[in-house]
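Trainee:
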Amino acid sequence: MLVLGVDPGLSGALALYNPATGALDVRDMPVYVTPKAGGGKRTELDLVALAHIMDEWAKNPIRAFIEQVGATPQMGVTSSFSFGASYAAARMACAAHFIPTELVTPQVWKRALNVKGGSDKSDAVRARASALLPQHAKLWTLAKHEGRAESAMIALYGARALERLAA
Numbered sequence: 000m001l002v003l004g005v006d007p008g009l010s011g012a013l014a015l016y017n018p019a020t021g022a023l024d025v026r027d028m029p030v031y032v033t034p035k036a037g038g039g040k041r042t043e044l045d046l047v048a049l050a051h052i053m054d055e056w057a058k059n060p061i062r063a064f065i066e067q068v069g070a071t072p073q074m075g076v077t078s079s080f081s082f083g084a085s086y087a088a089a090r091m092a093c094a095a096h097f098i099p100t101e102l103v104t105p106q107v108w109k110r111a112l113n114v115k116g117g118s119d120k121s122d123a124v125r126a127r128a129s130a131l132l133p134q135h136a137k138l139w140t141l142a143k144h145e146g147r148a149e150s151a152m153i154a155l156y157g158a159r160a161l162e163r164l165a166a
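Numbering (numbering that gives the first Met the number 0) for the sequence shown: 0 to 166.
1. Excluding five sequence neighbours on each side, which residues of the same chain lie with their C-beta closer than 7 Å to the C-beta of Ser121?
2. Beta-carbon within less than 6 Å of Ala111's beta-carbon, same chain only, minus the 5 sequence neighbours each way: which residues are those?
3. Count the CB pairs spanning the stretch 83-103 and the stretch 122-132 that are closer than 8 Å, and state whether there are at least three.
4. Taking 8 Å as the threshold (C-beta atoms), are Arg147 and Val25 in contact?
5. Pull up the CB-CB distance for Pro18 and Glu66, whole angstroms please, since I reckon it's below 8 Å.
6. In chain order, what residues of the same chain lie with their CB nearer than 8 Å to the CB of Ala95, ignoring the 5 residues before and after it?
7. Look at Val2 and Arg62 and say whether their C-beta atoms are less than 8 Å apart.
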């Protein structure tokens, strides 16, 4: 069975992991940019592109693990709403494709995979992902690729959790 790891949010990613072969397909969360009224730009989740990714992947038996997230006090109202919408869209995309889904908090998967905190959590997550999945380290070489590393780690966490249940 393939395992889907989802780091929700506009800078997040989706990772489809095959525990039997170690194959990993990572996609940045699909987004598009639109102009805002009054100037500036707004980034939005591309729901159609997300559905296409899920259509492609759902041809195989999959179990999904989605990071259970919530707004933080540092977020503004608009960014909190956008973050929540992205989280809900990921859950709905799995439901629409009949993919069984489990929610996992960052604390749980990071503790299970021994991801240390630190001054730069992006570096810590990417470093640990590179140590656990060295053949895929080229996928998250830049700090902006933290979502890729997180989604891969969530998928790895899910694969290990399923393995423990099967034992």
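Note that the Cβ used here is the ideal one computed from N, Cα and C, for glycine as well.
The structure presented is a predicted model; accordingly, all values stated were derived computationally and were not measured.
Mentor: In short, the structure shows the following:
1. Ala142 and Glu145
2. Tyr156
3. no
4. yes
5. That pair is no contact at about 19 Å.
6. Ala50 and Met53
7. yes
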